[in-house]
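When you line the sequence shown up against the UniProt record's numbering, it's residues 1 to 116, in that order.
Backbone N, C-alpha and C fix where the C-beta goes; we use that ideal spot for every residue, glycine too.
Written out below as structure tokens is the structure these notes cover.
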Amino acid sequence: MPKSYINRYGFENVLKEAISFDKVDVVKGLNELRAVSTTELFSTSSNNALKVATWLVEEKKANVNMCSNIFKDTPLNLAARYGHYKVAEYLIAKGAAVNGNEGAWLGSPLYEAVST
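Shown next, in the form of structure tokens:
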């Protein structure tokens, strides 16, 4: 990806677009320019981006049980909320807690999965 494209649209916008289309090669390229945060696991979970989620967990060592600051969600909460079962299955296989964080605003991932 040319740097001019990133300069024109902004790193964060290009990253969000790459995640939404599950373009792991683009995300890896962006990571070479500037470190991609492991918190992007939240974006991959809500966008059904399994390839990028896999890369974040296996290469960047993203914590599958990390908790968001405001709603106390985990990546599994988001995957369950939006019905992204492949991402949810992957996160569970990597140790994501199906009961999530006790203080999650909308409940546990298990609750969200049966509520959708």
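Starting from the Cα of residue i, find the closest Cα among the options and give me that residue.
i: Arg34; options: Ala88, Asn7, Glu89, Phe11; result: Phe11
i: Leu41; options: Tyr111, Phe71, Leu91, Ser4; result: Leu91
i: Ala88; options: Ser45, Ala62, Phe71; result: Ser45
i: Asp25; options: Thr54, Phe71, Asn7; result: Thr54
i: Thr39; options: Thr74, Lys28, Glu17, Tyr9; result: Thr74
i: Gly100; options: Glu17, Lys72, Lys61; result: Lys72
i: Ser115; options: Glu102, Asp22, Gly83; result: Gly83
i: Ser68; options: Leu106, Lys23, Lys28; result: Leu106
Can you round the beta-carbon distance between residue i and residue j to whole angstroms, since I take them to be within the 8 Å contact cut?
i: Lys86; j: Leu50; result: 5 Å
i: Val64; j: Ala104; result: Not quite, the Cβ-Cβ distance comes to about 15 Å (not below 8 Å), so this is no contact.
Grab me the residues of residue i's own chain with a C-beta within less than 7 Å of its C-beta, minus the 5 sequence neighbours each way, in chain order.
i: Asn47; result: Ile19, Ser20
i: Leu78; result: Phe42, Ser45, Ser46
Would you check if the distance between the CB atom of residue i and the CB atom of residue j is smaller than 8 Å?
i: Ala80; j: Glu112; result: yes
i: Val52; j: Leu30; result: no
i: Ser43; j: Lys16; result: yes
Closer than 8 Å by C-beta to residue i: which residues in its own chain qualify, once you throw out the five before and the five after it? Chain order, please.
i: Lys3; result: Leu33
i: Val98; result: Leu76, Ile92, Ser108, Pro109, Leu110
Excluding five sequence neighbours on each side, which residues of the same chain lie with their C-beta closer than 6 Å to the C-beta of residue i?
i: Ile6; result: Val14
i: Lys60; result: Thr38
inquiry  = I'd like the ranges of any alpha helix (DSSP H) spanning at least 4 consecutive residues and lying wholly in the segment 61-112.
reply    = Runs found: 75-81, 85-93.
ask   = Hey, which unbroken runs of the alpha helix (DSSP H) at 4 residues or more fall wholly within the segment 27-54?
value = 41-47
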